[in-house]
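2 protein chains.
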Amino acid sequence: MAAVDLATHPGHLARRLQQAHHLLWTTMVSEEITSPQFAVLNALVAEPGLDQRTVGERVGLDRSTVAEVIARLIRRGLLDKVRDPQDGRRFLLRLTDDGVRTHRGLTVRTARMNQIFLAPLDADERAVFMDLMRRVADAAEGLRDPRPALGVPH
Amino acid sequence: MAAVDLATHPGHLARRLQQAHHLLWTTMVSEEITSPQFAVLNALVAEPGLDQRTVGERVGLDRSTVAEVIARLIRRGLLDKVRDPQDGRRFLLRLTDDGVRTHRGLTVRTARMNQIFLAPLDADERAVFMDLMRRVADAAEGLRDPRPALGVPH
DNA sequence: TCAGAAAGATCAGTGCACCGATGAAACGAA
DNA sequence: TTCGTTTCATCGGTGCACTGATCTTTCTGA
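So the sequences go chain by chain: A and B.
If you're matching positions, the first sequence starts at -13 in my numbering and goes up one per residue.
If you're matching positions, the second sequence starts at -13 in my numbering and goes up one per residue.
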């Protein structure tokens, strides 16, 4: 009997955390638009005309996933995709009017949802929580492929 | 330009956190066995002979997902599934010898991986981090369906 | 005892997430 | 200018995750 207590495993808690978030999102924000879809819309509100790969980079989705998410948003008429006349490899993405309206509506609901999500923590704890998540995620992200760090002598 | 900074969204950070964990898991623990699969093996080491639904409850997987995960583990010969002679609705699950060996090997590697995952935090911060994740996840979990709470007068 | 409710499992459908391989366009150096 | 490399996108395959519908077995109360 060498079983481990999963409650001591950060990865297990991270998964449960995301499930909890998914639950709140679908009940409080939208059953149509998912959280990653909102992230894509949001990225394109901030920087219209990005290409697909860059959008993925901004929101933390790999090339395949971002392609699927974008395809869904286009199918629903929230996004437009046109070939870049300057560079035929890429497609430029921007929101349709409907996409802009949808994004605006969701922004409000998302803020409300985040309040509920973090309700069990007081203000100090929330700040700490966000900081810790960010640091852990960033650190692991940095281990991706040992890309030559900036500033290293060549 | 009503875009939001995703770094202030706990749900977005939770997703990135899980991606970071997935990355570390596949490189440091196993490319064959996933973290949810390990969770199922672990639950059955602790309590052999559980049925599928209960396993899902223990590890936080819904009925459909747990069925798929278990099917994969059976296909790889790590798990056995026999109809309960007492109750024909359920199947009893237990690890094969190979399953026990696999679980044992992964336990060591998992512990090492957790160290790396939490490396950016000091000991105090780790404890706080786990506590905060647990509290947020538990709270949202409690909102599932407003099941009549225990101790409520009938 | 026997009909309806409850419980365990399966199936179909959708969506996120990753990897490796492939194809097409663009860039750069010989 | 042309050939090799890089870059963007797509495709195929696998796996997690949730919902709603269905099927079978069991349980329970009239």
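Heads up, the beta-carbon is just placed ideally off N, CA and C, and yes, glycines get one too.
- Here the C-alpha atom of A/Leu92 lies approximately 29 Å from the C-alpha atom of B/Phe115.
- DSSP places A/Arg80 in the strand class (E or B) of the three-state scheme.
- With a beta-carbon spacing of about 7 Å, A/Leu107 and B/Arg121 fall inside the 8 Å limit used to define contacts.
- Within chain B, no residue has its CB atom less than 9 Å from the CB of A/Leu65, the nearest being about 15 Å off.
- What B/Phe77 touches in chain A, judged by beta-carbon distance under 9 Å, is nothing: the nearest beta carbon there is about 20 Å away.
- Within chain B, not a single residue places a beta-carbon under 8 Å from that of A/Gln101; the smallest gap is close to 10 Å.
- Boundaries for A/Asp108: no alpha helix (DSSP H) harbours it, and the DSSP string shows neither H nor E there.
- Interface with chain B (8 Å Cβ-Cβ cutoff): A/Leu59 is excluded.
- DSSP links B/Val68 through a beta bridge to B/Leu78.
- Here B/Gln72 is exposed, its C-beta having fewer than 16 other C-beta atoms within 10 Å.
- At least one C-beta of chain B is nearer than 8 Å to the C-beta of A/Gln5.
- Remark: three or more beta-carbon pairs, one from each stretch, lie closer than 8 Å, so the region 51 to 71 of chain A and the region 25 to 32 of chain A are flagged as touching.
- In the structure shown, the three-state DSSP call for B/Asp117 is helix.
- Selection A/Met99, A/Ile19, A/Val41, A/Arg69 evaluated against A/Arg61 yields A/Ile19 as nearest (Cα-Cα).
- By the Cβ rule, the region 95 to 106 of chain B counts as touching the region -11 to -4 of chain A, because three or more pairs are nearer than 8 Å.
- Two segments are said to touch when three or more pairs of C-beta atoms, one from each, lie closer than 8 Å; by this definition the region 1 to 8 of chain A does not touch the region 47 to 55 of chain A.
- In the three-state reduction of the DSSP assignment, B/Asp124 falls in the helix class.
- In the structure shown, the three-state DSSP call for B/Leu36 is strand.
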